[in-house]
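Working notes, structure below.
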Amino acid sequence: MIKKTILFALILMITGTAFSQTKKRQLPAVDIKLPSGETFNTSNIQNDGKPIILSFWAQWCSPCISELDAFNEVYSDWQEETGIKLYAISIDDVRKSSNALPFAYGRDWDFEILLDPNCDFKRALNFQNVPQTFILDGKGNIVWQHTSFAEGGEYEIIKLLRKVTNGEDISDQH
Amino acid sequence: MKMIYKMKNSIKILLLFILIPFLAKSQGILEGGSVHGNFEINSQYYNSDDKLGITDSILNGKVFGMNAFGNINYTNGNFSAGIRYEAYLPPLSGFDIRYEGHGIPFWYTSYKTKDVDITIGHFYEQFGNGLVLRSYQEWMLGSDNSFNGARVIAHPFKGITLKGLIGTQRYYWEAYENNNRGIVKGLDAEFFLNDVLKVLKESKTKIMIGSSFVSNYEKTRTKTIIQDTIKYEYQLPNNVAAFAGRMNISRRKINFGTEYAYKINNPSAMNNYIYKNGEAFLANLSYSKKGLGIMFSAKRIDNMSYKSKMTELSNALDINYLPPLSKQHKYSLATIYPYATQPNGEMGIQGQIMYTIPKKSKLGGKYGTKVEINYSNVHSLKKEQVSDEIGIDSTGTLGYTSGFLNIGEVNYYEDFNVMMTRKLNKSWKVKLSYINMKYNIDVVEGHTGEENVHAQIGVLDVLYKINYTNSLRFVYQQMFTEQDKGDWAAAMLEYNIAPKWFFSVMDEYNYGNPEEDMKLHYYSVAFAFVKNVTRVSVSYGRQREGLLCVGGVCRQVPASNGLSLTFSSSF
Numbered sequence: 000m001i002k003k004t005i006l007f008a009l010i011l012m013i014t015g016t017a018f019s020q021t022k023k024r025q026l027p028a029v030d031i032k033l034p035s036g037e038t039f040n041t042s043n044i045q046n047d048g049k050p051i052i053l054s055f056w057a058q059w060c061s062p063c064i065s066e067l068d069a070f071n072e073v074y075s076d077w078q079e080e081t082g083i084k085l086y087a088i089s090i091d092d093v094r095k096s097s098n099a100l101p102f103a104y105g106r107d108w109d110f111e112i113l114l115d116p117n118c119d120f121k122r123a124l125n126f127q128n129v130p131q132t133f134i135l136d137g138k139g140n141i142v143w144q145h146t147s148f149a150e151g152g153e154y155e156i157i158k159l160l161r162k163v164t165n166g167e168d169i170s171d172q173h
Numbered sequence: 000m001k002m003i004y005k006m007k008n009s010i011k012i013l014l015l016f017i018l019i020p021f022l023a024k025s026q027g028i029l030e031g032g033s034v035h036g037n038f039e040i041n042s043q044y045y046n047s048d049d050k051l052g053i054t055d056s057i058l059n060g061k062v063f064g065m066n067a068f069g070n071i072n073y074t075n076g077n078f079s080a081g082i083r084y085e086a087y088l089p090p091l092s093g094f095d096i097r098y099e100g101h102g103i104p105f106w107y108t109s110y111k112t113k114d115v116d117i118t119i120g121h122f123y124e125q126f127g128n129g130l131v132l133r134s135y136q137e138w139m140l141g142s143d144n145s146f147n148g149a150r151v152i153a154h155p156f157k158g159i160t161l162k163g164l165i166g167t168q169r170y171y172w173e174a175y176e177n178n179n180r181g182i183v184k185g186l187d188a189e190f191f192l193n194d195v196l197k198v199l200k201e202s203k204t205k206i207m208i209g210s211s212f213v214s215n216y217e218k219t220r221t222k223t224i225i226q227d228t229i230k231y232e233y234q235l236p237n238n239v240a241a242f243a244g245r246m247n248i249s250r251r252k253i254n255f256g257t258e259y260a261y262k263i264n265n266p267s268a269m270n271n272y273i274y275k276n277g278e279a280f281l282a283n284l285s286y287s288k289k290g291l292g293i294m295f296s297a298k299r300i301d302n303m304s305y306k307s308k309m310t311e312l313s314n315a316l317d318i319n320y321l322p323p324l325s326k327q328h329k330y331s332l333a334t335i336y337p338y339a340t341q342p343n344g345e346m347g348i349q350g351q352i353m354y355t356i357p358k359k360s361k362l363g364g365k366y367g368t369k370v371e372i373n374y375s376n377v378h379s380l381k382k383e384q385v386s387d388e389i390g391i392d393s394t395g396t397l398g399y400t401s402g403f404l405n406i407g408e409v410n411y412y413e414d415f416n417v418m419m420t421r422k423l424n425k426s427w428k429v430k431l432s433y434i435n436m437k438y439n440i441d442v443v444e445g446h447t448g449e450e451n452v453h454a455q456i457g458v459l460d461v462l463y464k465i466n467y468t469n470s471l472r473f474v475y476q477q478m479f480t481e482q483d484k485g486d487w488a489a490a491m492l493e494y495n496i497a498p499k500w501f502f503s504v505m506d507e508y509n510y511g512n513p514e515e516d517m518k519l520h521y522y523s524v525a526f527a528f529v530k531n532v533t534r535v536s537v538s539y540g541r542q543r544e545g546l547l548c549v550g551g552v553c554r555q556v557p558a559s560n561g562l563s564l565t566f567s568s569s570f
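Here the protein sequences come in this chain order: L and V. Counting from 1, position 100 in the first sequence corresponds to residue 99 in numbering that gives the first Met the number 0; the numbering is continuous, with no gaps. Counting from 1, position 185 in the second sequence corresponds to residue 184 in numbering that gives the first Met the number 0; the numbering is continuous, with no gaps.
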């Protein structure tokens with residue numbers, strides 16, 4: 000009974016706000032970790048007004064590694080063209096989280112590495128599967144989100160990045 | 000009477016929830032709020048399959064299973080609240096049958112500023128490496144040990160994080176009442192010394208230290224055990240405490256992290272009711288520079304199972320997390336023998352080297368070659384008798400003694416593997432893997448008396464890019480072993496059109512099975528469609544029996560045959 004009441008009340012609140020939801024979605028502020036053990040709040044994910052890519056990955060996830068390998072090959076070109084910064088956020092748990100940085104360096108990746116070992120950031124962003132990729136515009140709005148990776152997916156991303164850099168709205172793109 | 004009381008309460012809550020939005024609305028709080036969430040449906044239609052031993056009588060009318068969840072979160076400035084609905088109608092085969100049903104096992108309200116974060120309701124948490132406390136969820140494994148209670152996180156000064164929590168853990172759908180499981184309390188403090196100490200402010204050496212204290216209270220703490228026709232009644236501690244200290248030092252390319260945990264005696268079904276104290280130790284050392292990463296880790300686990308119910312033997316109600324130190328393999332045949340931590344005692348090491356042979360070098364080729372070498376080895380603890388008369392692990396005794404560095408003779412797991420990735424040209428990419436593992440199937444899976452499995456696996460993984468968005472991938476796996484189910488071969492062909500379409504056909508063939516009629520083909524076809532955050536996948540075929548592991552938790556997946564459908568999305 001209590002649960003039903005709570006559910007009912009929440010639905011009321013949610014429908015009330017969902018209709019008035021006009022504000023663009025921003026990143027939630029969550030405490031995660033830098034590889035040095037330092038706490039890092041996700042509100043510090045910034046790139047001086049230029050677009051940002053967030054890519055959630057894990058060392059056990061084959062398509063995640065293929066995706067980041069593919070991004071890495073074109074990353075310097077992307078940076079030159081759009082000023083992009085890519086954060087590769089490892090959701091490996093303690094079993095492998097301390098290996099995320101040596102793994103990334105050993106694969107020659109140039110990305111910023113962050114650790115989310117208990118999936119707090121992942122949970123706050125409401126998704127279940129990796130790889131999961133987000134594009135943020137210069138104002139920090141989440142303008143695009145995509146799950147899974149197939150070879151060639153990187154060409155789609157650069158097209159979108161160009162649009163974001165030109166100030167176009169891509170939130171209805173697919 | 001109870002019913003009326005409950006109803007009154009509900010009316011109060013209902014009024015509160017109706018009033019709050021109205022009040023909030025009038026104050027303008029509701030403006031600018033946002034609603035987000037996600038959901039997933041995993042369902043399977045089961046066929047009977049005589050070869051797998053799945054007959055109509057075993058299915059017993061259960062031709063369909065479904066696990067589904069939906070999350071809805073509301074955020075407005077510093078305030079947030081949310082619920083998760085789950086339904087298992089009935090649970091997919093392999094999931095604990097106690098999940099059958101539906102309801103809201105997770106809801107929370109939270110208020111968060113830069114300095115303080117208060118959560119009432121359900122939450123997940125990890126102290127340090129989790130050796131004394133970690134609650135988390137693995138949806139695919141049906142494991143969820145979330146806390147229900149209250150938590151406060153404070154950042155009183157830059158570089159300092161303090162956490163305090165109290166709650167009970169999720170146990171399928173069973174509500175907490177009348178002390179049917181423990182109440183867990185925990186405190187944690189973490190200091191990033193470069194922010195706290197002036198002398199370290201400009202230092203390139205970064206130091207973090209932290210410590211945790213956790214206690215579990217269970218009211219009923221007597222246990223009657225009959226041994227050799229004599230009835231013993233054991234008095235067990237009401238409160239079981241655990242402590243841990245940790246540290247991380249990094250300087251430029253080198254990083255060192257370690258944690259030590261100690262647990263006061265905690266007789267339980269897991270450790271055969273011995274009164275020995277427990278301990279756990281974990282250390283990682285790594286070196287990272289562009290193109291090269293080296294990692295070495297070591298651990299000791301000694302009587303460290305820590306649950307909020309002393310009689311629990313399943314994966315449920317774990318308060319802490321003990322990570323296995325071995326590679327999580329990606330290829331399907333290499334996951335047939337996955338290692339899982341032995342909480343009663345083990346000692347292990349792991350080393351890994353990742354290296355990119357530079358591009359345009361003789362060995363590296365035009366695009367460079369990535370090499371990954373990994374080795375892990377896990378042994379038992381060397382346990383000695385407490386006294387001549389008392390056998391090791393005897394109920395009601397101190398169990399055994401074991402020196403901190405004493406490695407036992409029994410090998411639980413050993414794994415040496417090499418993987419190489421090379422892009423040949425714009426169209427072709429090749430990955431080669433070799434895995435050589437020894438797996439103690441007696442200890443890890445409880446197959447008493449079975450000899451260790453020694454398996455060698457080779458994998459060829461070829462990718463051909465037809466054009467910008469179309470690609471073909473072919474994977475061939477071969478496993479040789481004299482033990483257990485013998486040799487396997489597997490082949491898979493995948494056709495992908497980025498970023499939306501995925502098709503695959505696969506066959507795993509257990510041609511070396513010692514039983515003639517179990518030399519089976521496990522064939523399947525799969526298709527998936529992805530549009531941004533929405534994913535639909537359909538697969539049809541036979542599924543091999545095995546352990547499905549994510550992170551440190553494994554679930555036994557029974558063999559099955561049928562059609563499965565998965566749908567997920569977020570908003």
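Built from N, CA and C at the ideal position, the CB exists for glycine as well.
Nearest to residue i (by Cα), restricted to the options the options
i: Pro-557(V); options: Leu-140(V), Lys-113(V), Asn-128(V); result: Leu-140(V)
i: Val-115(V); options: Ala-28(L), Asp-168(L), Lys-23(L); result: Ala-28(L)
i: Asn-46(V); options: Ser-569(V), Gln-542(V), Phe-566(V); result: Gln-542(V)
i: Ile-152(V); options: Ser-109(V), Ile-434(V), Thr-396(V); result: Ser-109(V)
i: Gln-384(V); options: Asn-376(V), His-378(V), Gly-398(V); result: Gly-398(V)
i: Asn-416(V); options: Ala-333(V), Val-429(V), Trp-427(V); result: Ala-333(V)
i: Tyr-522(V); options: Asn-509(V), Thr-533(V), Tyr-463(V); result: Asn-509(V)
i: Ala-87(L); options: Asp-76(L), Thr-81(L), Tyr-104(L); result: Tyr-104(L)
i: Phe-280(V); options: Arg-83(V), Leu-130(V), Lys-326(V); result: Leu-130(V)
i: Trp-487(V); options: Ser-470(V), Pro-337(V), Val-504(V), Leu-519(V); result: Leu-519(V)
Closer than 8 angstroms at the beta carbon, the chain L residues around residue i
i: Tyr-320(V); result: Asp-92, Val-93
i: Met-353(V); result: Pro-101, Phe-102, Tyr-104, Gly-105, Arg-106
i: Met-207(V); result: Ser-35, Gly-36, Glu-37
Chain V residues whose Cβ lies nearer than 7 angstroms to that of residue i
i: Glu-150(L); result: Leu-462, Lys-464, Ser-470, Asn-495, Ala-497
i: Gln-127(L); result: Asn-37, Glu-39, Trp-138, Ser-567
i: Trp-59(L); result: Gln-327, Lys-329
Beta-carbon neighbours of residue i, restricted to chain L and to distances below 7 angstroms
i: Lys-162(V); result: Ordered by position in chain L, no residue passes the 7 angstroms Cβ test against Lys-162(V), which lies about 10 angstroms from the chain.
i: Gln-168(V); result: The premise fails here: Gln-168(V) is roughly 15 angstroms from chain L at the closest Cβ pair, so nothing lies under 7 angstroms.
Counted within 10 angstroms of its Cβ, other Cβ atoms place residue i as buried (16 or more) or exposed
i: Ala-174(V); result: exposed
i: Met-517(V); result: exposed
i: Met-0(V); result: For Met-0(V), the pLDDT reaches just 47, beneath the cut-off of 50, and the residue's location in the model is therefore unreliable, leaving the point undetermined.
i: Ser-569(V); result: buried
i: Trp-106(V); result: buried
i: Gly-76(V); result: exposed
i: Arg-245(V); result: buried
i: Glu-481(V); result: exposed
i: Leu-321(V); result: buried
i: Gln-45(L); result: exposed
i: Asp-414(V); result: buried
i: Glu-258(V); result: buried
i: Ser-567(V); result: buried
Under 9 angstroms by beta carbon: chain V residues contacting residue i
i: Arg-24(L); result: Ser-33, His-35
i: Cys-118(L); result: Tyr-123, Tyr-135, Gln-136
i: Gln-144(L); result: Asn-531, Val-532, Ser-569
Proximity below 9 angstroms, CB of residue i to CB of residue j
i: Ile-406(V); j: Met-353(V); result: no
i: Ser-249(V); j: Pro-34(L); result: yes
i: Pro-104(V); j: Asn-66(V); result: no
i: Val-163(L); j: Thr-81(L); result: yes
i: Gly-31(V); j: Gly-36(L); result: no
i: Glu-124(V); j: Asn-117(L); result: yes
i: Tyr-475(V); j: Ala-490(V); result: yes
i: Ser-145(V); j: Gln-168(V); result: yes
i: Lys-162(V); j: Gly-185(V); result: yes
Partners in chain L for residue i, counting only beta-carbon separations shorter than 9 angstroms
i: Glu-507(V); result: Near Glu-507(V) there are no residues of chain L at all, since even the closest Cβ is about 17 angstroms away, more than 9 angstroms.
Contact set between residue i and chain V, taken where Cβ atoms lie within less than 8 angstroms
i: Tyr-154(L); result: Tyr-467, Thr-468, Ala-497
Beta bridge counterpart(s) of residue i as assigned by DSSP
i: Gly-256(V); result: Asn-247(V), Asn-283(V)
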